[in-house]
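Please read the structure below before turning to the comments.
Numbering (my numbering), first residue to last: 3 to 351.
Here it is in structure tokens:
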């Protein structure tokens, strides 16, 4: 079993839950914090610096926010921007110009798609639209027609079908539609932390709707949300530069034909993933953690450890619909459980 730790106080738990999934716990002893909050990527965005002089700190925060706003505006698959233009070109069978930053993201995502055996697949945009998960509001409705999903599966969209030549990309599969909803936040966090480090600000935290990246010798206290309620499952302190990302079936869903359907789709069947309710991944790379959390949730209880090994992640917490879970040994030793009940329900492997 995981190490025994003192439960969190109610005040700590409430402080942690101002975010959707994960949130830094208040730590007054850690020093003064410069903090900016915006609304991007469909959720609150918090950027924090500790021990930062006023002028350099403000300049670093402003630069990071500009970078986040650019990704938010240009990499949204469903609104006008660079990614939307590329998807339109794919549908029309022509090539499109791509910026170096997005091209690098496509290349890295393609590598992770291969590593995950296709369970992480940013080419799934067509299926996302078919299920109605591209809308900001999750409305009740009916499931997609079986023929629609069958046609998507038969086309088998994959990033391997993208042709990259210089600064242009194309695909011969018109059903390939890029959706970086399970990757863009992680990439954005990594870029933000890189920017802070380049500006000499080494004690920072970036929270994009519960996907967190942090760095600093002191560490940041991070809360992991209870997937079944309003409280916490556990917390942990970051060590050096780390990202903590949770993928949960409870986050966004639609009621379709009376059935609750999660927004996380299994690319192999073009249908909502089943078997796990949340997966938390800790890794130095936020982009890898973001992709892996999605892939492991799709993999389900029988395959997630195999997929984690393929993707090179070793610190994982997976929780099933019965409220029991498994934490890898490296992560289990760091978890501070929110209650004795949760401590007893999480096994260690």
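All C-beta atoms in this analysis are idealised placements derived from N, C-alpha and C, irrespective of residue type, glycine included.
Notebook entry, point to check: By how many angstroms is the C-alpha of residue 276 removed from the C-alpha of residue 302?
Noted result: 7 angstroms
Check: Do residue 309 and residue 283 have their C-beta atoms closer together than 8 angstroms?
Finding: no
Next item on the list: Please determine if the segment 91 to 111 and the segment 158 to 174 are in contact, where contact requires at least 3 C-beta pairs separated by less than 8 angstroms.
Entry: yes
Next item on the list: Rounded to whole angstroms, what's the CA-CA distance from residue 173 to residue 155? Just pull it up for me.
Entry: 17 angstroms
Next item on the list: Look up residue 98 in the DSSP assignment and say whether it is helix, strand or coil.
Entry: Strand.
Check: Would residue 193 be called buried (16 or more neighbouring beta carbons within 10 Å of its own) or exposed?
Finding: Flag for residue 193 reads buried.
Notebook entry, point to check: Under three-state DSSP, which class holds residue 276?
Noted result: coil
Checklist line | Contained alpha helix (DSSP H) runs [length at least 4] in the segment 101 to 166, N- to C-terminal order | finding: 102 to 117, 127 to 133 and 148 to 157
Margin query: Is the separation between the beta-carbon of residue 66 and that of residue 49 shorter than 8 angstroms?
Written below: In this structure, residue 66 places its C-beta atom within 8 angstroms of the C-beta atom of residue 49.
Next item on the list: Under the assumption that residue 210 contacts residue 191 (Cβ atoms under 8 angstroms), give the Cβ distance between them as a whole number of angstroms.
Entry: 6 angstroms
Margin query: Buried or exposed for residue 94, going by 16 or more other Cβ atoms inside 10 Å?
Written below: By the Cβ neighbour-count rule, residue 94 is exposed, with fewer than 16 other Cβ atoms within 10 Å of its own.
Notebook entry, point to check: Which residue comes first and which comes last in the beta strand (DSSP E) that contains residue 225?
Noted result: 223 to 227
Notebook entry, point to check: Can you tell which of 316, 327 and 297 has its C-alpha closest to the C-alpha of residue 333?
Noted result: 316
Check: Is it right to say residue 126 is buried, meaning 16 or more other beta carbons lie within 10 angstroms of its own, or is it exposed?
Finding: Buried: at least 16 other Cβ atoms inside 10 Å.
Check: Could you give the uninterrupted runs of the alpha helix (DSSP H) lying entirely in the segment 267 to 324, keeping only those of 4 residues or more?
Finding: 288 to 313
Notebook entry, point to check: If you drop the 5 nearest sequence neighbours on each side, which residues of the same chain put their C-beta closer than 7 angstroms to that of residue 326?
Noted result: 347
Notebook entry, point to check: Does the segment 56 to 75 come within contact of the segment 233 to 253, defined as at least 3 CB pairs closer than 8 angstroms?
Noted result: no
Notebook entry, point to check: So does the segment 52 to 70 actually touch the segment 142 to 154, counting three or more Cβ pairs closer than 8 angstroms?
Noted result: no
Margin query: Could you pull the DSSP bridge partners for residue 40 from this structure?
Written below: 47
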